[in-house]
Amino acid sequence: DLDREWWKEAVVYQIYPRSFNDSNGDGVGDIRGVIEKVPYLDDLGVDVVWLCPVYDSPNADNGYDIRDYHAIMDEMGTMDDWEELLAEVHDRDMRLIMDMVLNHTSDEHEWFLKSKDADSEYGDYYYWMDGHDDNEHPPNNWTSIFGGKAWKFDEERGQFYLHVFDEKQPDLNWRNEDVREDVYEMLHWWLQKGIDGFRLDVINLISKTEGLPDGEPNPGWVGWEHVINGPRVHEYIREMYDDVFSEYDIMTVGEMPGCGVTDAQQYCGEDGDGINMIVHFEHADIPYKPGGKWDLEDVDVELDDLDDLTDPDTVFNDWNLDELRDVLTRWQIGLEGEGWNANYLGNHDHPRTVSRFGDAGAYRKKSAKMLATLQFTLQGTPFIYQGEEIGMTNVEWNSFDELRDVEAIQQTEELMERHDADFEDVRHVVKHRSRDNARTPVQWSDADNAGFTTGEPWIKVNPNYEEINVEDDRADDDSIWQYYQELIDLRSGNDVLVYGDYHLLYEDHPEIYAYLRTIDEHGVLVVLNCFAHETTFSLPHHLDAPDPELLISNYDDAGDDPEEFDLRPFEARVYRIS
Ligand code: TEU
Ligand code: CA
């Protein structure tokens, strides 16, 4: 009994619509641009489209600051466009899940505007508090994830409000039952339109420690321990499941910074809070120390010395295989039978996958394919982030005004201030840490602006679009794109790859990440060389492979025998061994 579910067998494709495809030449990607590409997604072979926020928003955080949950942002199009997108996706037997932001709204949301009057029925919809010393100082020492204080004083109300993210993203007060009822009603409204689920933005942040006490001082995000996995979080999420999600056949993905495996066991499944799968940060945050990714303590190098290093890039990419393997293994084993993994390597909040975990230079193609092999052969639902299927890379940021992301802008300013430096001095940091890296437009072709827009793009296009683009990749048999298509094909309908148990082999091999996936007598062996140098693999003695078959490899002359073989740079091989 495999406990089959459509969302376990599915492959998800994440669209950050602003950067995906612009249909009307205003430089901003939009819903009609997504509609144009539905056949493309179908050709690639994905099953589920996750659409990042397209709701009405003043765009302080590109739609993660919602002004009206029931309307579409002008730049994105109209509700009719959206209805058409849903129909197009469904026509091709794919599904659509919507990003949903429930921890905070925009400060322009009518709930927030009304809550400025403490006596109105919305007076308690957000975290309003008096400051200290006659409002000279905020209620506590918490900082915002994006930099600066987590509190802003509002003249009209005469109090501070909490914003864990930007000051234009006030946190909703989930302790208030009216907030929860309004939220649930709105979720039903979307589900009744026939969507297939939600990706729930920072959903483990919705409960804060009662009394909102000071956080432990640290160089990064102060107060996180009072915000993450808070005291009533399971109660709220379970209630949302019982009142809303349980009534539909949908997929729910909880985005949860600071969530560990034992937390995840509680959030997931019918015996828990009912969430299907968790986007956690344990592998994504590997190179970052407690001060967070914008703290230079992190990289053990002085800012002044960066320019003198022969390869400053390596300083920022110092993840190591032991850590990555440990994290992924812990989640594979910890959720076995208890929940389900969402397997991603990159998304709109992280640098580009191949720049981060692979080699964006000479081995870009090989390493991108190796990483894709990892992602598609672990247990869990694979999430492709737009552009990953052609191995898009990070980009050089040449000046401060090229930056667009609220976090990149604020954190870069703070970094320059802390080190008394100018942009030129910190550009290496920005190149590896900015979320803008993942937000440059999808490179469709070698036409102007990579075929993304006929107008002026809202964010710079990566100049490497002439070499890296969808059109060329689709025409090339050996491309990353074709490899993704093959992997998707291989995984679909292959129970061992979808449902099989995970067994790690060689837990401390310095170069190779290898594991088995098994169901009953069926076994698949995955062998990945994670580096640019050569190494050798031999099948552990307790295993044998009487009648092996090579299922896929990123080298076209990989042999059929898994007993013992040399692995070339970033070589990946997947064998059926029984
Ligand atoms: O991200 C949550 C989150 O924690 C990230 O902001 C992450 O910590 C950050 O990128 C680290 O640098 C979600 C969305 O994915 C993100 O785009 C939004 O900005 C954020 O929530 C606020 O809604
Ligand atoms: Ca547009």
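Under the UniProt record's numbering, the letters of the sequence shown match residues 10 to 587, in that order. Positions of the beta carbon are idealized from the N, C-alpha and C atoms, including for glycine. Everything numeric in this text was worked out from a predicted model, so none of it was measured.
Limits of the alpha helix (DSSP H) - the one that residue i falls within
i: Val507; result: Asp504 to Tyr508
i: Tyr353; result: Run containing Tyr353: none; DSSP gives neither H nor E here.
i: Leu95; result: Met88 to Asp100
i: Asp434; result: Phe432 to Arg442
i: Gly42; result: Ile40 to Glu45
i: Ser124; result: Glu119 to Ser124
i: Gln341; result: Leu330 to Gly343
i: Val363; result: Thr362 to Phe366
i: Ser376; result: Arg373 to Thr386
i: Glu422; result: Val415 to Arg427
i: Val535; result: Taken as a continuous stretch (DSSP letters only), Val535 belongs to no alpha helix (DSSP H), being part of the beta strand (DSSP E) at His531 to Asn538.
i: Thr323; result: Pro321 to Phe325
i: Lys17; result: Trp15 to Glu18
Extent of the continuous beta strand (DSSP E) run through residue i
i: Leu559; result: Glu558 to Ser562
i: Val583; result: Ala581 to Arg585
i: Asp163; result: Trp160 to Asp163
i: Arg394; result: Checking the displayed sequence, the identity of residue 394 turns out to be Tyr instead of Arg. First-last of the beta strand (DSSP E) with Tyr394: Thr390 to Tyr394.
i: Val55; result: Val55 -> no beta strand (DSSP E), and no H or E assigned at all.
i: Glu573; result: Glu573 to Leu576
i: Phe169; result: Gln168 to Leu171
i: Leu318; result: Leu318 -> no beta strand (DSSP E), and no H or E assigned at all.
i: Tyr525; result: Note that residue 525 corresponds to Leu in the displayed sequence, not to Tyr. Its beta strand (DSSP E) spans residues Ile521 to Ile528.
i: Met85; result: No beta strand (DSSP E) contains Met85, which DSSP labels as neither H nor E.
i: Leu548; result: Unbroken run through Leu548: none, as it is neither H nor E.
i: Tyr22; result: Val21 to Ile24
i: Val451; result: Per DSSP, Val451 belongs to no beta strand (DSSP E) and is neither H nor E.
i: Met107; result: Arg104 to Val110
i: Val288; result: Met286 to Val288
Close Cβ partners of residue i (< 8 Å) along its chain, the five nearest in sequence each way excluded
i: Glu495; result: Ile561
i: Asp83; result: Asp65
i: Gln420; result: Phe155, Gly156, Trp303 and Arg442
i: Glu345; result: Gln388, Asp510 and Tyr511
i: Lys202; result: Glu92 and Leu95
i: Ile81; result: Ile40, Val63, Tyr64, Asp65, Thr87, Met88, Asp90 and Trp91
i: Asn407; result: Arg436
i: Gly343; result: Val270, Thr271, Ala273 and Gln274
Neighbourhood of residue i by C-beta, 6 Å cutoff - its chain only, sequence neighbours within 5 removed
i: His118; result: Arg76
i: Thr338; result: Leu513
i: Arg241; result: Ser216
i: Asp251; result: none
i: Leu525; result: His512, Gly532 and Leu534
i: Ile418; result: Leu412
i: Phe169; result: Met138, Gly140, Pro147, Pro148, Trp160 and Phe162
i: His437; result: Leu315 and Pro321
Other residues of its chain near residue i: CB distance less than 7 Å, five sequence neighbours each side excluded
i: Arg247; result: Asp282 and Gly283
i: Pro62; result: Gly72, Tyr73, Ile75, Asp108 and Val110
i: Leu214; result: Asn112, Val173, Val236 and Ile237
i: Ser32; result: Asp39, Arg41, Gly42 and Glu45
i: Tyr78; result: Tyr64 and Met195
i: Pro571; result: Leu534, Leu548, Ala554, Pro557, Tyr584 and Ile586
Expected contact under 8 Å - CB spacing of residue i and residue j to nearest Å
i: Pro557; j: Asp569; result: 6 Å
i: Gly263; j: Val288; result: 7 Å
i: Asn285; j: Met260; result: 6 Å
i: Asp35; j: Gly464; result: 6 Å
i: Trp160; j: Val231; result: 12 Å between Cβ atoms; not a contact.
i: Val98; j: Val58; result: 6 Å
i: Trp453; j: Glu480; result: 7 Å
i: Tyr493; j: Glu398; result: 5 Å
i: Leu50; j: Met85; result: Actually they do not touch by this definition, with Cβ atoms about 18 Å apart.
i: Asp128; j: Asn182; result: Going by Cβ atoms, the distance from Asp128 to Asn182 rounds to 16 Å, so no, they are not a contact pair.
Proximity test, residue i beta-carbon vs ligand 4 heavy atom, cut-off 7 Å
i: Val231; result: Questions concerning ligand 4 fall outside what the structure shown contains, since the ligands it does hold are ligand 1 and ligand 2.
Cutoff 8 Å: residue i Cβ touching any chain C Cβ
i: Glu186; result: In summary, chain C is missing from the structure at hand, where a single protein chain is found.
Which parts of the stretch 188-270 are runs of the alpha helix (DSSP H), unbroken and 4 residues or longer, counting only runs that do not cross its ends? 242-252
Residues around ligand 2, please: the ones whose beta-carbon is closer than 5 Å to some heavy atom of it, in chain order. Asp31, Asn33, Asp35, Val37 and Asp39
- Query: Can you list, in chain order, the stretches of the alpha helix (DSSP H) that have 4 or more residues and sit fully within the stretch 455-507?
  - Reply: 479-484 and 489-500
Counting by C-beta, which residues lie closer than 5 Å to a heavy atom of ligand 1, in chain order? Asp70, Tyr73, Phe174, Asp210, Val211, Pro266 and Asp358
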